[in-house]
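As C-alpha cells, the structure follows; a few thoughts come after it.
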Amino acid sequence: MRHLFTLSFALLIASCAAPQTSAPAASAPTARMIAPILASEDARDPYSYAQPEVARVTHVSLDLALDFDAHTVAGTATLNIAAEDTAQELILDSKGLDIAWVRDGHGNDLPFAEGAGHADKGAPIGIHIGTARQITIRYRATNAEALQWLTPQQTAGGRHSFLFSQGQPILNRTWIPTQDSPGIRQTWDARITAPSALTVVMSGDRLTPQGEPAGDGRRAFRFRMDKPVAPYLIAIAAGDITFRDLGPRTGVWAESATIDRAAAELVDTERMIDAAEALYGPYRWGRYDMIVLPPSFPYGGMENPTLTFLTPTFIAGDKSLNGLVAHELAHSWSGNLVTNANWSDSWLNEGVTSYFENRIMERLYGTRRAAQEYALNFDAMEEALRENGDGSPISSLHLSGEAADPNGGSSGIIYDKGAVFLKTVESIVGRARFDAWLRSWFDRHAFQPATSAMLLADIREHLVRGDAALEARLMLDAWVYQPGLPANVARPDPAAFAEVDAALAAFQSLSIIETDKYARWSTAERLRYINGLPRELGIHRLEQLDTALGLSAATNNETLFAWLNLALANRYDPAVPVADAFLGRVGRRKFVLPLFRTLMAQGAWGEPIAQAIYARTRP
C-alpha cells in the first residue's frame with residue numbers, strides 16, 4: 085500500500101512553500117490469548133480510544149444500504165464482544181458517525197455517549213453494555229472519509245456511479261462503528277444493498293455473487309470473513325464491474341473498458357501464489373481476487389483480504405510493473421496474517437512485505453530482475469535517509485513520538501529500510517536458515533498482532549539461539565530502534581546496473597545517448613537511467629533525450645513519471661502538455677503529488693501551470 089493523496093490545492097501549495105455471525109477460524113487465537121499482547125505497553129494504540137483489555141469487539145455484522153445521491157451508508161452494525169465478567173462499558177472509535185440508538189440482544193436500549201473529539205482520530209463512543217455481550221447499533225455515515233463516491237464521469241465506463249473504500253490506516257471508523265485499531269482483529273459479515281445496475285464486492289467470501297432482489301430497484305449482496313482481520317481491512321467497492329477468471333483461485337474485477345488489459349497483465353497471479361507458498365507456507369485466505377479501480381484510486385494497491393485493490397497505472401502491457409501485484413499478495417502473510425499491533429511498527433507490515441515481494445519476483449522472473457529491483461529499493465532508502473537526515477527519529481524502523489502518526493513516517497524507511505534489514509539478516513545467517521525462520525514466524529503468529537519487540541525476541545529465540553557472536557553481527561537493536569543505516573547493511577550487487585551506469589557515464593562525459601540499449605532495457609533499468617541523469621539539464625539536452633528515447637511518448641507510467649519530474653524541474657515546455665494529459669488521467673498520489681510539487685517549485689514558470697492543471701483535474 086502507498087500513501088493517500090488527500091491534499092487540497094491550498095495545502096499542496098503550503099507544503100511546497102515550506103446478520104450472520106461466524107466464529108473465528110480454528111487456527112485463530114482466542115480473545116483471552118490476545119489480551120496480554122494488546123495490554124503490553126509497546127502494543128498500546130494511541131490512535132484508538134478502545135480498551136480491548138477490558139471489552140473487545142470480536143465480530144462485526146453489517147446490514148447497510150448505499151445511497152449514491154446522498155453519499156451515505158445507513159443501517160445497522162451488530163457487534164459481538166469479549167469482555168471480563170465485571171466489564172460494564174465498551175469503547176468504540178467514531179469519526180462523524182450519526183448513531184440513532186444502541187440495543188442489546190433483547191431489544192433493550194443501551195445508554196451511550198460521544199466523548200470529546202480529536203481532529204485526526206475522531207471521538208470515543210462509550211456504551212454502557214452491562215451484561216450484554218452482543219449489541220446492535222443503528223447509524224448512518226455521510227461523506228465518510230474512508231468512502232470515495234465517484235460520478236459516472238469519473239469512471240472508465242462513464243455510465244454509472246462508483247464507490248470504493250480506503251480504510252487504512254484509521255479511516256474505517258468513519259463508516260463502521262467498531263474498535264478501529266490494527267491489533268483488535270475481528271471477523272465480520274455483511275449484507276449490502278445497492279442500485280440493481282451496480283455490483284458490490286467486499287474483502288470477504290462472496291455468499292451471493294449475483295446478488296438477490298432487495299426491492300425498489302435494488303440488489304442485496306452478502307459477504308463473510310471468518311478469519312479475524314484488522315478492522316482497516318474491511319473494504320467495499322460498488323460499480324458497473326465485470327469479473328474474469330485467471331486461475332483456480334484467482335480472478336479480477338474491473339470496468340468493461342479495462343477488464344481485457346487488466347486480465348492480460350495479471351495472468352501470472354496464480355504462479356505468484358504458488359511461488360509465495362513455496363517460500364513461506366500456505367495461502368490461508370481461500371481465493372485471491374483483485375479489482376482494478378478507476379484512475380482516481382490514490383494508492384498503487386491495497387491488500388484487502390481476498391480482494392486486492394489496484395490502480396490501473398500498473399497496466400503497462402508487458403507485466404513490467406506487476407511487482408505491485410507481488411507486493412499486495414505478500415501482504416496476505418505480512419500485514420494481513422501477522423499485523424502490526426499499532427502504527428509505530430508499520431514496517432512490520434510494509435518492510436517485511438517489500439522483502440517478500442522481491443523473493444516472489446526472483447522466483448518468477450529470475451535473480452537479475454530481483455537484484456535490480458532491490459538496488460532501486462536501496463536507492464529509495466538512501467534518498468529517504470538524505471532527505472530526513474541520518475539522525476532523524478523518522479529514519480528508525482520502530483517509530484516513536486510524532487513520527488508514529490498513522491499517516492506519518494517515510495516510505496523509504498518503512499518499506500525500503502525494512503526490506504533491506506531483512507535482506508541483511510538473510511545475508512548473515514544464510515538464506516535457507518532465514519527462510520525457515522520467517523516461515524515459522526508467520527506460523528507462530530498467524531492471525532495475531534505483533535510488535536517490533538516480539539519480532540526481535542523471536543529472532544533471538546529461533547535464529548540467534550544464544551550465539552553471542554551472531555547477535556553482535558546482526559545488530560538487531562540498531563536496525564530497529566536507532567536512526568540511520570547500520571554498518572552491516574547488505575548492499576546491492578554493483579553489477580546489477582553496470583551497463584546502465586556505464587551508459588549514464590557516457591552521457592554525462594560525452595553526451596552519448598545509448599538508444600539501442602535503452603530500447604531493450606527493463607523498466608528497472610530505464611528508471612535507473614532516467615533517475616541517474618543530471619538533475620540540471622539544458623533544453624537542448626532534454627530535447628535530445630526526449631527525441632532519441634521517446635520519453636514523452638512512454639506508455640509505462642513509472643518511466644513517464646520519472647521523465648516528467650525531471651523535465652518539469654528544468655522548465656522543459658514540451659513536457660507541459662504531456663504532464664497535463666498524464667495528471668488528467670491518473671489519481672495515484674505517488675505520481676500526482678510530486679509533479680505538482682515540482683511545478684510549484686518553479687515559481688513564475690510552474691505555478692500558473694500547476695494551478696491551471698489542478699483546476700481541471702481536481703475531480
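In the working numbering, the protein residues as written are 85 to 703. Each residue gets a CB set at the ideal place from its N, CA and C atoms; glycine is no exception.
- prompt: Should Pro130 go down as buried or exposed, given a rule of 16 or more other Cβ atoms within 10 Å for buried?
  reply: exposed
message: Tell me the rounded alpha-carbon separation between Thr508 and Ala516.
response: 14 Å
- prompt: Considering only C-alpha positions, which residue in the set Ser404, Gly622 and Ser418 is nearest to Met445?
  reply: Ser404
- prompt: Taking the Cβ atom as the reference point for each residue, do Leu174 and Ala158 lie within a distance shorter than 8 Å?
  reply: If you check the CB distance, Leu174 and Ala158 do not come in under 8 Å.
- request: Figure out for me which residue from Gly492, Ser524, Leu291 and Phe645 has the closest Cα to the Cα of Phe666.
  value: Phe645
- request: Could you tell me whether the stretch 554-563 touches the stretch 434-445, where touching means 3 or more Cβ pairs closer than 8 Å?
  value: no
- prompt: What residues match up with Pro533 in a beta bridge as DSSP calls it?
  reply: Thr423
task: List in chain order: all unbroken alpha helix (DSSP H) runs of 4+ residues lying wholly within the stretch 528-603.
output: Complete alpha helix (DSSP H) runs here, min 4: 536-543, 552-558, 560-565 and 582-594.
query: Three or more beta-carbon pairs under 8 Å between the stretch 294-305 and the stretch 194-202, yes or no?
result: no
query: By the 10 Å Cβ neighbour count, where 16 or more other Cβ atoms means buried, how is Gly473 classified, buried or exposed?
result: exposed
query: Counting pairs of Cβ atoms below 8 Å between the stretch 613-622 and the stretch 575-594, do you hit three or more?
result: yes
field: Exposure label - Thr639; buried when at least 16 CB within 10 Å
entry: exposed
- prompt: Taking 8 Å as the CB-CB cut-off, is Ser484 touching chain C?
  reply: In the displayed structure, chain C is absent; only one protein chain is listed.
query: When burial is assigned at 16 or more other CB atoms within 10 Å of the CB, is Pro266 buried or exposed?
result: buried
Closest by C-alpha distance to His415, when choosing among Leu176, Val504 and Ser438: Ser438
- prompt: When the distance is taken between beta carbons, is Arg575 closer than 8 Å to Val384?
  reply: Looking at the sequence itself, residue 384 is Gly, so the reference to Val does not match. Against a cut-off of 8 Å, the Cβ pair of Arg575 and Gly384 comes out as no contact.
- request: Starting from the C-beta of Leu330, find all residues in its chain whose C-beta is less than 8 Å away, skip the five residues before and the five after it, and write them out in chain order.
  value: Val336, Ala347, Leu350, Val351, Thr353 and Glu354
field: Host beta strand (DSSP E) of Thr271 (start-end)
entry: In the DSSP assignment, Thr271 falls within the beta strand (DSSP E) that extends over Gln270 to Pro279.
- request: Locate the alpha helix (DSSP H) running through Ile369, then write down its first and last residues.
  value: Checking the sequence, you will find Trp at residue 369 rather than Ile. Premise fails: Trp369 is in no alpha helix (DSSP H) and is neither H nor E.
task: Report yes if the CB atom of Asp324 is closer than 8 Å to the CB atom of Gly241, and no otherwise.
output: yes
query: Per DSSP, what kind of secondary structure is Ile343 in: helix, strand or coil?
result: The three-state secondary structure of Ile343, taken from DSSP, is helix.
- request: Would you kindly report the start and end of the unbroken beta strand (DSSP E) that includes Phe393?
  value: Element bounds for Phe393: Leu391 to Leu394.
message: For Ala696, count the other beta carbons within 10 Å of its own beta carbon; 16 or more makes it buried, fewer makes it exposed. Which is it?
response: By the neighbour-count criterion, in which 16 or more other beta carbons inside 10 Å mark a residue as buried, Ala696 falls on the exposed side.
Exposure of Gly401, with buried meaning 16 or more beta-carbon neighbours within 10 Å: exposed
query: Between Thr682 and Leu633, which are expected to be in contact by the criterion C-beta below 8 Å, what is the C-beta distance as a whole number of angstroms?
result: The Cβ separation is near 20 Å, so there is no contact.
- prompt: Which of helix, strand or coil does DSSP assign to Ile498?
  reply: DSSP, reduced to helix, strand and coil, places Ile498 within a helical segment of the structure shown.
- prompt: Hey, quick one: how far does the beta strand (DSSP E) through Glu296 stretch, first residue to last?
  reply: Glu296 to Gly299
- request: Grab the span of the beta strand (DSSP E) containing Gly210 for me, first residue to last.
  value: Ala207 to His212
message: What does the Cβ neighbour count give for Gly206, buried or exposed, with the cut at 16 atoms within 10 Å?
response: The residue in question, Gly206, is buried, as its Cβ has 16 or more Cβ neighbours within 10 Å.
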